[in-house]
DNA sequence: AGCCTACATTCCACTGTTGACATGTCGCCA
DNA sequence: TGGCGACATGTCAACAGTGGAATGTAGGCT
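Residue numbers (this note's numbering), protein chains in the order written: chain A, 1 to 183; chain B, 184 to 366.
This is the structure:
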């Protein structure tokens, strides 16, 4: 249940409404911990029941501004320092790799090439984003930049791995047909 | 819904019971697509209803051997070649990075160091596994090795990033207190 | 004044995931 | 022959995530 900690984390730098948080989730946290409207409002309710947040003010359109409480801060701090991050992965991209054997050589190669290209696109998009951010007035926080760098390195690793895997597959699946195929 | 495709993929190389599949999930697929008993038996039922698998034989202890059907093979092939892998991430490790600001410098450094060490341990474990596998008689399939290599590169990337991030944090958060702290 | 857009929340149905519990059988070995 | 452990499946409640619909308000523009 990390959604609750994502919410607490966002509220730790100031009060916000569900609607405000939603927009942050859509932009800043979209690639790290996506959340939908239904999930978010429900979680805010639970967080309020648990005493980790409270309604600090009510605004114009039924707007409720939530603020983190001391208990909430304590919970956030506990999660950050004491709770071991789960190492789990669940990657359908990688799952497919296990079953590449059911495809013929060309299809398998095509899959890996697709992964390499997709990772490369992502890498270029993030490079561009970093440049924009570096020049901007109000850049991401230092920690946002750390996360951005992670995304960059992850994409590069995936691209390089997929390119390597394609060559590797080629090397193993066509050991001596080389000359025939090349000729 | 990739569980269904994981099951089809496993059955594509031969019939198996739910119990057999469960053991494979616990060992081979544990880090890629974990699944529990309840999930697995339920999915096999749904797969049978949908005509993607069928009960090929019944054994001693109520054992049912499931075999993939032509429709199942077609579905698997479709998923492998036509369905775009989701690029999503949801990493609580990275989520924490966004909120490192609520920690003091030492706690934040400690978090990143923990990540680096954890990634390094994982990297060493996988290196060892690769050596064992390379010498063994019945090694993982080629595709298993591809996945192993991914795990290795991923762990190395995470380790290097966490080490870099720790230095980066240090550089930014203590710009001129250096001499004071060092002295 | 009327309309449109952005603001803002709530509810619902469905699917996926987890963990625990219940039930029973077969084969081995002390 | 009694019991234990591995084999084997099934069910349940709870939680997490997805996507969409319903409802209504405030403010700005024409």
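Where a beta carbon is used, it is the ideal one built from N, C-alpha and C, also for glycine.
Are residue 275 (chain B) and residue 2 (chain A) close, meaning C-beta to C-beta below 7 Å?
yes
What residues in the region 14 to 37 of chain A have a beta carbon less than 9 Å from any beta carbon of chain B?
28, 29, 31, 32, 33 and 34
Where residue 22 (chain A) and residue 156 (chain A) are concerned, what is the direct C-alpha to C-alpha distance, given to the nearest angstrom?
30 Å
CB contact flag (residue 367 (chain B), residue 235 (chain B), <7 Å)
The question about residue 367 (chain B) has no answer here: the residues shown for chain B are numbered 184 through 366.
To which residues of the same chain is residue 303 (chain B) closer than 7 Å at the C-beta, ignoring the five residues directly before and after it?
342
Local Cβ density within 10 Å of residue 106 (chain A), reported as buried at 16 or more and exposed below that:
exposed
Identify the continuous beta strand (DSSP E) that holds residue 248 (chain B) and give its terminal residues.
247 to 251
Can you find a C-beta in chain B that's less than 7 Å from the C-beta of residue 69 (chain A)?
no
What are the complete beta strand (DSSP E) segments, minimum 3 residues, inside the region 26 to 77 of chain A?
53 to 58 and 64 to 68
Check whether the Cβ atoms of residue 226 (chain B) and residue 190 (chain B) lie closer than 7 Å to each other.
yes
Using the rule of at least 16 other Cβ atoms within 10 Å of the residue's Cβ for burial, across every protein chain shown, is residue 294 (chain B) buried or exposed?
buried
Got a sec: which bits of the region 83 to 99 of chain A sit with their beta carbon under 9 Å from any beta carbon on chain B, in order along the chain?
83, 84, 85, 86, 87, 88, 89, 90, 91, 92, 93, 94, 95, 96, 97, 98 and 99
Should residue 75 (chain A) go down as buried or exposed, given a rule of 16 or more other Cβ atoms within 10 Å for buried?
buried
Closest residue to residue 256 (chain B) among A:29, A:11, A:99 and A:167 (Cα-Cα distance)
A:99
Could you confirm whether any beta carbon from chain B is found closer than 7 Å to the beta carbon of residue 171 (chain A)?
no
Please check the pair residue 153 (chain A) and residue 344 (chain B), which I expect to be a contact at CB under 8 Å, by giving their CB distance rounded to whole angstroms.
5 Å
Return the CA-CA distance between residue 128 (chain A) and residue 122 (chain A), expressed in angstroms with no decimal places.
10 Å
Do the CB positions of residue 28 (chain A) and residue 65 (chain A) come within less than 7 Å of each other?
no
Which residue marks the beginning of the alpha helix (DSSP H) containing residue 192 (chain B), and which one marks its end?
186 to 194
Residues near residue 132 (chain A) in its chain [Cβ-Cβ closer than 6 Å; skip 5 each side]:
none
List the endpoints of the continuous alpha helix (DSSP H) containing residue 109 (chain A).
105 to 135
Buried or exposed (CB count within 10 angstroms, at least 16 for buried), residue 88 (chain A):
exposed
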